[in-house]
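Below: one structure, written as structure tokens.
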Amino acid sequence: MANPTKVPFLDLVTSHKELEDELLAVVKKAFSNAGFIGGPMVEEFEREFARFCDAKLCVGVNSGTDALRFALMAAGVEPGDIVITAPHTFIATTEAISQAGGHIAFVDINEQTYTLDPEKLRAYLEKDCDFDAKTGKLIERASKRKVAAIVPVHLYGQMADMDPIMELATKYKLFVIEDACQAHGAEYFSKKHNAWKKAGSIGKAAAFSFYPGKNLGACGEGGGITTNDEAMAQRMKMIRDHGQAKKYYHDIEGYNGRLDSIQAGWLSVKLRHLARWNEARRALAHRYHELFAEVKDSVVAPIEESWTKGVYHLYVVRVRDREVLQTYLAEAGIGSGIHYPIPLHLQKAYEHLGYIQGAFPVTERVAGEIVSLPMFPQLSPSQQELVASKVLEFLHASVAAAR
Ligand SMILES: *Cc1c(COP(=O)(O)O)cnc(C)c1O
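Numbering (the numbering used here), first residue to last: 96 to 498.
Written out as structure tokens, the structure is:
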């Protein structure tokens, strides 16, 4: 018998009901001039989103995947260049690297933050690569490939430790493209600049996804790239629009990767609520922390270091027997997810990269224990209490069974 849903993993219906009138007004406005691709609504959203991220410019595109791909291409990844990222992320990060012509190299994550570990990055750059002072290029010793870029992923809404990553990038002349697809509005305290920095304001460019379930989601596909670099923005605008700066004058081959104006209009409406929604997510996360405090040895809650303000795209805990827990929750009508069950270096798609089991022990350990619990701004206190009480009930039952 199917169990009635009491707490969905994600509720997109309620948030859209709340905004229905505003969202419908956008459609009417778009019908009044029938400019469905590009145009003023896209430009307005680009300005607003750049401002929200403390970046100079934003280029609207049709997905987060294309945002990453176009940013890497515009920054100048050459065929076969190494682009470094973490194996604990959604496959779009690495699809974009390969599709931009790059060669994927993984560096393991930090066990507290679940993001790219700067110390392991340093070890890779120093021990596995040689700096050629003549050409000014960093070469991976085993493959003889040039190392070009780093893509730190601000996973689950928490930013990677950017100061040391940027320092290494500067030292070895690598460029950094932030994968901020889960981190709209997240902040990082930069000791170097003695200031809080927004996701999307630090690297050469940053990619955002507006997939419906993201903290800022369109009602369909959408993405955006922020940058402070005017020339980068121009190149990305050409790449998203068939390589043309002027209609039918194609300087390069590009893509059809533009943002629709109705999606941009909807994103502008939702952007006005994003800070409030992110605050709601933070409050929910802190409430989850409290509810799990008594079982902190069996439920590892997310750690928010003093230098980060997370926007909790996901609330991910680590437990033993997570599949059994997920079944237990499902029987109580509670949704959950795993982000992500198979590390990228062990995916079939990446067999050709030649990584073996055990190559990235932190990622592999984490991937075997994580569960994402319901987390969205409209999650009610009683729904959240129910989730926590069922998790606690499960733990007590498994302790009893073990005796
Ligand atoms: C969602 C996501 C992407 C891709 O975004 P799409 O809009 O779905 O193409 C890339 N990286 C990460 C970490 C994501 O979560």
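Just so it is clear, CB atoms sit at the ideal spot from N, CA and C, and this is done for glycine as well.
Report task. State the DSSP-derived secondary structure class of W291, mapped to helix, strand or coil. Result -> Strand, per DSSP.
**Report entry** Exposed unless 16 or more other CB atoms sit within 10 angstroms - verdict on T265
**Finding:** By the 10 Å Cβ count, T265 comes out exposed.
Query raised in the report: Does the Cβ of G175 have 16 or more other Cβ atoms within 10 Å, making it buried, or fewer, making it exposed?
Result: So G175 counts as exposed.
Query raised in the report: From this set, M470, F471, G453, which residue's C-alpha is nearest G463's C-alpha?
Result: With distances taken between Cα atoms, G463 lies closest to G453.
Requested in this report: Please check the pair G252 and L107, which I expect to be a contact at CB under 8 Å, by giving their CB distance rounded to whole angstroms.
Outcome: 17 Å between Cβ atoms; not a contact.
Requested in this report: Starting from F144, follow the alpha helix (DSSP H) in both directions and report where the run begins and ends.
Outcome: Unbroken alpha helix (DSSP H) run through F144: 135-147.
Query raised in the report: Buried or exposed: where does T109 fall if 16 or more other Cβ atoms within 10 Å of its Cβ makes it buried?
Result: T109 comes out exposed.
Query raised in the report: Since Q478 is in the alpha helix (DSSP H), which residue starts that stretch and which ends it?
Result: Run containing Q478: 476-497, per the alpha helix (DSSP H) assignment.
Query raised in the report: Mind listing, in chain order, the residues whose beta carbon lies closer than 6 Å to a non-hydrogen atom of ligand 1?
Result: Selection around ligand 1 by beta-carbon proximity, strictly under 6 Å to any non-hydrogen atom, yields S158, G159, T160, T184, F185, A187, T188, V248, D274, C276, Q277, S304, Y306, G318 in chain order.
Query raised in the report: Any chance the stretch 408-427 sits against the stretch 376-394, with 3 or more Cβ pairs inside 8 Å?
Result: Yes, the stretch 408-427 is in contact with the stretch 376-394.
Query - alpha helix (DSSP H) segment containing A326, residue limits - result: That run of the alpha helix (DSSP H) goes 325-335.
Query - Limits of the unbroken alpha helix (DSSP H) element including T458 - result: Following the DSSP letters along the chain, one finds T458 inside the alpha helix (DSSP H) bounded by residues 456-462.
Query raised in the report: Pick from A120, Y283, E325, V482: whose alpha carbon is nearest that of V361?
Result: Going by the sequence as given, residue 361 is Trp instead of Val. Measuring from the Cα of W361, the nearest candidate turns out to be A120.
Query - Own chain residues within Cβ distance below 7 Å of A375, not counting five before or after - result: Here A375 has P472 as same chain residues with Cβ atoms under 7 Å from its own Cβ, once five neighbours each way along the sequence are excluded.
Report task. On a CA-only basis, which of L487, L379, A145 is nearest Y423? Give me that one, please. Result -> If we check each option's Cα against that of Y423, L487 comes out closest.
Query raised in the report: Taking Cβ positions, are A243 and V172 nearer each other than 8 Å?
Result: Closer than 8 Å, so yes.
Query raised in the report: Quick one, are the C-beta atoms of L474 and L379 less than 8 Å apart?
Result: Taking the C-beta atoms as reference points, L379 is found nearer than 8 Å to L474.
**Report entry** Counterpart residues of A302 in DSSP-defined beta bridges
**Finding:** Paired residues: D274, I320.
Query raised in the report: Which residue from A294, A275, C276, L216 puts its Cα closest to that of L269?
Result: The option with the nearest alpha carbon to L269 is L216.
Query raised in the report: What do you get for F455, buried or exposed, if any count of 16 or more other CB atoms within 10 angstroms of its CB means buried?
Result: Under this definition F455 is a buried residue.
Query raised in the report: What residue from A328, P182, S431 has the CA that sits closest to K101's CA?
Result: Of the candidates A328, P182, S431, the residue whose Cα lies closest to the Cα of K101 is S431.
Requested in this report: For the stretch 236-274, list the alpha helix (DSSP H) runs that are entirely contained and at least 4 residues long, ordered along the chain.
Outcome: The alpha helix (DSSP H) runs of length 4 or more contained entirely in the stretch 236-274 are, from start to end of the chain, 257-266.
Query raised in the report: From the DSSP output, which residues share a beta bridge with V412?
Result: Paired residue(s): V466.
**Report entry** Which listed residue (T184, D212, I177, E206) has its alpha carbon closest to that of H198
**Finding:** Taking only the C-alpha atoms, the option nearest H198 is I177.
**Report entry** Paired residues, beta bridge with E282 - DSSP
**Finding:** Bridge partners of E282: K293, K404.
Query raised in the report: To the nearest angstrom, how far is it from the Cα of S477 to the Cα of L490?
Result: Each residue's alpha carbon lies about 20 Å from the other.
Query raised in the report: Per DSSP, what kind of secondary structure is I433 in: helix, strand or coil?
Result: Looking at I433 - three-state DSSP - the assignment turns out to be coil, as it is neither helix nor strand.
Query raised in the report: If you check the beta carbons only, do K342 and V154 fall under 8 Å apart?
Result: For K342 and V154, no; Cβs fall outside 8 Å.
Query - Under 8 Å between C-beta atoms of Y407 and R377 - result: Yes, the pair counts as a contact, with Cβ atoms nearer than the cut-off.
Query raised in the report: Does the distance from the C-beta atom of D348 to that of S158 stay below 8 Å?
Result: Note on residue identity: the sequence assigns Glu, not Asp, to residue 348. Here E348 is not near S158, since their CB atoms are 8 Å or more apart.
Report task. In the DSSP assignment, find the alpha helix (DSSP H) that holds V121 and state where it starts and stops. Result -> Under the DSSP assignment, V121 falls in the alpha helix (DSSP H) whose first and last residues are 115-128.
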